[in-house]
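Counting in our numbering, the sequence shown runs from 78 upward without gaps.
The beta carbon of each residue, even a glycine, is placed where N, CA and C say it ideally should be.
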Amino acid sequence: MLREESRISTETRHRAASLAVIVTAVLTAMKFVVAFISGSVGVLSEAVHSLLDLLSAGLSYFTVQHAIKPADESHAFGHGKIETLSSLFEAVLLVLAAGLIVNEGIVQLNDARPLQYQNAAILVILFSLIASWFAYSHNLKAAKETDSSALHVNALHFLSDVVASVGVLVGLILIKVTGWTVVDPIMAFLVAAYILGISLKQIAHTLRELSDGRLPEAEIQAICGILNEFKGHMIEAHDLRTRKSGSMRHVDFHLVVCGQLTVDASHEVCDQMEKKIIHVFPRTSVNIHVEPCEADRATCHTKKDCQVFWRARGGRTP
Numbered sequence: 078m079l080r081e082e083s084r085i086s087t088e089t090r091h092r093a094a095s096l097a098v099i100v101t102a103v104l105t106a107m108k109f110v111v112a113f114i115s116g117s118v119g120v121l122s123e124a125v126h127s128l129l130d131l132l133s134a135g136l137s138y139f140t141v142q143h144a145i146k147p148a149d150e151s152h153a154f155g156h157g158k159i160e161t162l163s164s165l166f167e168a169v170l171l172v173l174a175a176g177l178i179v180n181e182g183i184v185q186l187n188d189a190r191p192l193q194y195q196n197a198a199i200l201v202i203l204f205s206l207i208a209s210w211f212a213y214s215h216n217l218k219a220a221k222e223t224d225s226s227a228l229h230v231n232a233l234h235f236l237s238d239v240v241a242s243v244g245v246l247v248g249l250i251l252i253k254v255t256g257w258t259v260v261d262p263i264m265a266f267l268v269a270a271y272i273l274g275i276s277l278k279q280i281a282h283t284l285r286e287l288s289d290g291r292l293p294e295a296e297i298q299a300i301c302g303i304l305n306e307f308k309g310h311m312i313e314a315h316d317l318r319t320r321k322s323g324s325m326r327h328v329d330f331h332l333v334v335c336g337q338l339t340v341d342a343s344h345e346v347c348d349q350m351e352k353k354i355i356h357v358f359p360r361t362s363v364n365i366h367v368e369p370c371e372a373d374r375a376t377c378h379t380k381k382d383c384q385v386f387w388r389a390r391g392g393r394t395p
């Protein structure tokens, strides 16, 4: 079952990454051609943006194939961090794209030039908008299904392309109707500001993951809720630690149980906890350290709960 899920996840990642490369390559070529013949810095900013998207999409195509590999002798916790590193690099590329777009906008602002082949530029940007939205939807769905940070960044790239294309399209139409060439660099600046915003947010997310920051608060609360469901079979759970490596979550904690439970009974409680956590968060490695209570074993306040547990499983009570 797990092998089948892994195969499906790998195929989903592969299709999404392949689509990202193909769509980005086509859009990059079209935008550069139209940017040079029209002289639009807005279209050029989109072309530069797409070129960097192409580089990141190519990197994602490589990393999503390797990040899902199982743990081995040299990578005991798996290869998930390669996906996080890829996400960080892609986000940095977005920052670079924003800087290049601002530079081109300043040049155009200081030396405004009338645009040529405006209809061709409008059609290319319109096509880019539709294609980018399709690729965004596909990569976002695949990212959610596989919990892939690289595909999530790919989706963000395409979303930024959609927003940027809308801005540039509006600018081109305004220029065609009014002749205000100053609109072109202004739209480029707005596109750059948007790209910079989403890239800085993604950089913060990847740095938190690379520094082994804990899981989001909502996920922490969900895990704590699962542990609380086992109050009848444990005294307490403490020292909860969580982190994420690529699409893989790692959860470990100490579990204090009645000292009169056998190893077999304690292990069964751990198995039930692990299955419940993995049911809620499928790609999770759970590590539980079992500790006996330190109270007087003869008067342990959980003895009744232990007896209930043993009777429920059809065994003898301690």
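DSSP state of residue i, grouped into three classes?
i: residue 164; result: helix
i: residue 139; result: helix
i: residue 89; result: helix
i: residue 394; result: With a pLDDT of only 47 at residue 394, under 50, the local geometry of the prediction cannot be trusted, and no value is derived from it.
i: residue 317; result: strand
i: residue 329; result: strand
i: residue 386; result: The predicted position of residue 386 is uncertain, since its pLDDT is 49 and thus under 50; a value taken from the coordinates is nonetheless stated next. Residue state, collapsed to three classes: helix.
i: residue 359; result: coil
i: residue 365; result: strand
i: residue 79; result: Confidence at residue 79 is low in this model, with a pLDDT of 41, below 50, so the placement of that residue should be treated as unreliable; the coordinate-derived value is given next. Residue 79: helix per DSSP, three-state reduction.
i: residue 111; result: helix
i: residue 322; result: strand
Write down the C-beta distance between residue i and residue j rounded to the nearest angstrom, noting that I regard them as a contact closer than 8 Å.
i: residue 297; j: residue 319; result: 6 Å
i: residue 205; j: residue 104; result: 5 Å
i: residue 264; j: residue 248; result: 3 Å
i: residue 354; j: residue 328; result: 6 Å
i: residue 123; j: residue 242; result: 7 Å
Thinking C-beta only, is residue j closer than 8 Å to residue i?
i: residue 112; j: residue 100; result: no
i: residue 230; j: residue 185; result: no
i: residue 179; j: residue 266; result: yes
i: residue 342; j: residue 276; result: no
i: residue 88; j: residue 136; result: no
i: residue 306; j: residue 331; result: no
i: residue 245; j: residue 209; result: no
i: residue 126; j: residue 252; result: no
i: residue 363; j: residue 351; result: yes
i: residue 219; j: residue 228; result: yes
Output the boundary residues of the alpha helix (DSSP H) element that contains residue i.
i: residue 261; result: 260-287
i: residue 302; result: 294-305
* Asked: Which runs of the alpha helix (DSSP H) spanning at least 4 residues fall entirely within the region 181-245, listed in chain order?
  -> 195-223
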